[in-house]
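In what follows, a structure is listed as structure tokens, so that the remarks can point back to it.
Number of protein chains: 2
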Amino acid sequence: MNVKQIAKLSGVSAPTVSRVLNNHPDVREATRQRVLAVMQQTNYQPNAAARSLAAGQTRVVGLMVRKETDTIFNEADFSRLLLGISSACNPHDRSVMLWLVEPEYEQRMLQKITAGGLVDGVIVSTMRFTDPLIDALQASQIPFIQIGRHAGGVQASYVDIENLNGAREAVMHLLRLGRRRIATITGPLNLISSRDRRDGYLAALTERKTPIQAALIIEGDYSENGGYRAMQLLLPHQPDAVFVANDRMAMGALRFLIETGRRVPEDVALIGFDDLSFAAQTMPSLTTVRQPMMQAGALAAEMLMELIENPASPPKRIVLPTELVIRHSCGFRTR
Amino acid sequence: MNVKQIAKLSGVSAPTVSRVLNNHPDVREATRQRVLAVMQQTNYQPNAAARSLAAGQTRVVGLMVRKETDTIFNEADFSRLLLGISSACNPHDRSVMLWLVEPEYEQRMLQKITAGGLVDGVIVSTMRFTDPLIDALQASQIPFIQIGRHAGGVQASYVDIENLNGAREAVMHLLRLGRRRIATITGPLNLISSRDRRDGYLAALTERKTPIQAALIIEGDYSENGGYRAMQLLLPHQPDAVFVANDRMAMGALRFLIETGRRVPEDVALIGFDDLSFAAQTMPSLTTVRQPMMQAGALAAEMLMELIENPASPPKRIVLPTELVIRHSCGFRTR
DNA sequence: CTGAAAGCGCTTACAG
DNA sequence: CTGAAAGCGCTTACAG
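Protein chains in written order, with the numbering used here: chain H, 259 to 593; chain U, 259 to 593.
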């Protein structure tokens with residue numbers, strides 16, 4: 259089944275079939291119905307490759323995700339991002355193509371993408387502040403949207419999460435609860451989200467005129483064991499609260515505190531970041547900052563589709579708010 | 259840049275460029291080098307749509323995942339499956355297209371896929387024992403591989419996980435530890451994995467000639483609250499151990515037990531299924547069954563690529579072993 | 001080993 | 001509102 263056959267069966271020409279297929283307004287209603295009926299009967303669907311080639315549009319959206327190390331790659335966030343993108347694309351009849359970027363195949367992927375005929379645009383997610391992937395996309399002229407901000411991308415659109423403010427609010431909450439020696443375990447500081455969260459910590463302290471102490475700031479690696487070790491280093495400096503830049507490290511910190519007989523939150527209060535599924539299940543349950551990754555994915559997809567339709571549209575930057583999920587580890591109090 | 263231009267620059271014809279592109283052996287080495295050099299200089303990459311149309315091959319692999327309800331959709335497994343598929347496809351220079359199947363768009367997706375020009379084959383993951391998706395794929399003649407077994411798929415290849423045996427071993431472990439009143443909280447029994455895990459439970463009891471009691475078998479819904487409620491119903495029947503068909507429900511069961519003052523594992527031992535990241539972090543840590551989803555994804559992708567190359571090859575069924583991860587909730591003992 | 005011709009299945013001006 | 005012609009950028013026989 260192809261346009262020619264549909265055309266013959268409907269008693270029209272191929273271009274008319276094409277017009278019906280593409281909802282072109284300039285088709286007489288009777289003709290449209292006739293063609294539609296034949297397409298229905300024959301269960302006809304146009305060939306995607308031919309369509310892409312002729313129209314110069316694939317109706318496919320690409321997603322490039324740099325896998326990073328296992329400790330940084332967060333399965334829940336990844337799933338939610340994907341869910342958001344996919345559910346935004348479905349109603350628009352667009353498909354999504356997924357590339358997990360491994361350095362080994364990075365170049366080839368980029369070439370395939372920029373060669374055309376595969377996708378109309380790309381959503382790119384990488385946690386590195388500076389990433390050659392972004393530069394390559396920038397240079398390639400292909401429409402793209404970043405998840406998170408990145409260095410050098412003056413012209414680029416992005417959807418970011420309010421990492422700074424989310425962290426700031428978490429620390430403010432600890433301050434309001436009367437904590438005074440608040441420490442932080444940061445993520446790897448080559449990641450922009452890690453920096454933002456640390457800066458939020460600093461902002462809260464500064465805002466409340468609380469002294470900042472270098473000894474209370476430790477760089478972690480986003481792993482459970484990293485949190486454990488960081489807490490070990492922190493404890494001699496007697497913090498009464500710790501803002502931990504992700505839930506996984508918070509689990510490790512909690513483990514160390516419990517093993518060494520500290521009470522949480524009485525002796526040391528704890529706030530994490532991510533709201534992974536286990537955060538509600540720890541003992542005590544973990545107060546944490548939730549990021550709207552699904553919404554971020556959906557928005558990025560919408561923005562990309564808009565950019566594809568209208569490549570000249572100016573760059574957009576959206577920063578989504580986080581939500582402080584108050585549980586027990588922070589020294590429970592309903593605000 | 260297109261084949262014609264590359265041809266002109268290299269002093270050959272378009273078909274020769276095409277042969278070089280496709281590693282056709284019948285090209286003189288000197289010619290090949292000349293063309294390759296020009297392609298390199300011009301940074302040429304062939305257009306994917308044109309290639310797909312002309313060759314009748316897209317070099318794209320599809321993945322259809324039915325989202326099911328939120329409680330059933332397991333983000334960790336989904337991520338791992340995707341990781342496995344993606345890393346298997348990368349070396350073969352294939353891309354992967356992802357569809358999250360929502361009932362609303364199911365028909366259109368299937369039509370697009372079977373119309374051709376989009377993907378060469380499909381990996382399909384759905385937990386329903388009977389799923390129209392499978393039937394439609396079956397009828398469509400498109401090469402496909404199932405994740406998990408399904409009803410009616412006589413000719414279909416699949417990669418499955420040893421749900422039955424994984425459950426069986428978990429229950430055997432409890433029996434070896436001296437438990438005698440072992441209960442189970444199953445998943446929704448319209449899911450094949452749920453049935454398999456229940457059957458594994460039954461198999462172990464039968465094997466050890468332990469009486470099976472209907473009151474000790476409760477159907478859950480894979481949610482945390484479902485586990486909580488199921489445990490509530492189970493407790494009056496005084497089980498001394500519970501095999502729970504997923505970790506999320508196990509968390510709920512654990513919560514109920516602790517809230518009602520039971521000691522785990524002393525009073526009631528617990529084993530889950532999935533090895534979600536929080537399983538190691540509960541108090542007590544959760545003994546559970548780990549499924550090799552990433553490996554399943556990689557294998558499915560390999561099988562699909564083989565099937566695409568050789569559509570006549572006979573169906574293959576692979577069942578991957580699970581691993582019992584022994585922690586504290588089962589009444590710790592190193593085997 | 002290489003090229004001229006045809007074709008893959010659509011869409012896009014253009015003319016009427 | 002509709003159709004004939006050309007074209008999108010490749011690959012596939014076929015002939016030499």
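Yeah, the Cβ is synthetic: ideal placement off N, Cα and C, and Gly gets one too.
Which of the three DSSP states, helix, strand or coil, is assigned to residue i?
i: H/PHE536; result: helix
i: H/THR388; result: coil
i: U/VAL382; result: strand
i: U/GLY353; result: Note on residue identity: the sequence assigns Ser, not Gly, to residue 353 of chain U. Residue state, collapsed to three classes: strand.
i: U/ARG407; result: coil
i: H/LEU435; result: coil
i: U/LEU267; result: helix
i: H/LEU358; result: strand
i: U/LEU449; result: strand
Taking the alpha-carbon of residue i as reference, which of the options has the nearest alpha-carbon?
i: U/GLN298; options: U/LEU267, U/ARG520, U/GLU560; result: U/LEU267
i: H/ASP206; options: H/ALA508, H/ARG456, H/ILE392, H/ALA554; result: This structure leaves residue 206 of chain H out entirely; chain H is present only between 259 and 593.
i: U/ALA346; options: U/ALA414, U/THR442, U/ALA556, U/SER337; result: U/ALA556
i: H/MET355; options: U/THR316, U/ARG309, U/ASN568; result: U/THR316
i: U/HIS408; options: U/ASP418, U/SER535, U/LYS262; result: U/ASP418
i: H/LEU433; options: H/ASN301, H/ALA499, H/ILE443, H/ALA472; result: H/ALA499
i: H/ALA511; options: H/VAL577, H/ASP284, H/ARG352, H/TYR480; result: H/TYR480
i: H/GLY320; options: H/ALA373, H/TYR363, H/GLY379; result: H/GLY379
i: U/THR580; options: U/MET551, U/MET561, U/GLU567, U/GLU560; result: U/MET551
i: H/PHE387; options: H/LEU463, H/GLN404, H/GLY375, H/ILE371; result: H/GLN404
i: H/LYS325; options: U/VAL359, U/ARG352, U/SER344; result: U/SER344
i: U/ARG338; options: U/SER587, U/MET509, U/LEU376, U/LEU534; result: U/LEU534
i: U/ALA558; options: U/SER383, U/ARG437, U/GLN291; result: U/SER383
i: U/SER415; options: U/ALA570, U/GLN496, U/LEU340; result: U/ALA570
i: H/GLY375; options: H/ALA306, H/LYS262, H/PRO349; result: H/ALA306
i: H/LEU528; options: H/PRO273, H/LEU492, H/MET561, H/THR372; result: H/LEU492
i: H/GLN627; options: H/ALA503, H/ALA308, H/ARG466, H/ALA394; result: With chain H represented from 259 up to 593, any question about residue 627 of chain H goes unanswered, as that position is not in the structure.
i: U/GLY490; options: U/ARG513, U/VAL323, U/ALA313; result: Note that residue 490 of chain U is Gln in the sequence shown here, rather than Gly. Answer by Cα proximity: U/ARG513.
i: U/TYR459; options: U/VAL547, U/ARG292, U/LEU294; result: U/VAL547
i: H/GLY530; options: H/LEU515, H/VAL583, H/LYS574; result: H/VAL583
I'd like the span of the beta strand (DSSP E) that includes residue i, first residue to last.
i: U/TYR416; result: 415-419
i: U/ILE440; result: 440-444
i: U/VAL577; result: 575-578
i: U/PHE590; result: Element bounds for U/PHE590: n/a, residue is neither H nor E.
i: U/ARG548; result: 546-548
i: U/LEU582; result: 581-583
Tell me where the alpha helix (DSSP H) around residue i begins and ends.
i: U/GLU362; result: 361-373
i: H/ALA334; result: 333-347
i: H/ALA554; result: 551-567
Residues within the segment 542-564 of chain H neighbouring chain U, beta-carbon criterion of under 7 Å | none
Residue ranges of each alpha helix (DSSP H) within the segment 276-329 of chain H, 4 or longer = 287-300, 306-313
Any residues in the segment 333-356 of chain U with a beta carbon nearer than 8 Å to a beta carbon of chain H? Which ones, in chain order?
-> GLU333, ALA334, PHE336, SER337, ARG338, LEU340, LEU341, SER344, SER345, ASN348, PRO349, ASP351, SER353, VAL354, MET355, LEU356
What residue ranges within the segment 466-536 of chain U form continuous alpha helix (DSSP H) runs of no fewer than 4 residues, ordered along the chain?
-> 482-492, 505-517
Contact set between the segment 284-312 of chain U and chain H, restricted to residues whose Cβ is under 9 Å from the partner = ASN301, TYR302, GLN303, PRO304, ASN305, ALA306, ALA307, ALA308, ARG309, SER310, LEU311, ALA312
Under 7 Å (Cβ pairs) to chain U, residues found in the segment 566-590 of chain H = none
Residues from the segment 507-531 of chain U in contact with chain H, defined by Cβ distance under 7 Å | MET509
Cβ-based contacts, 8 Å cut-off: residues of the segment 370-389 of chain U near chain H | LYS370, THR372, ALA373, GLY374, GLY375, LEU376
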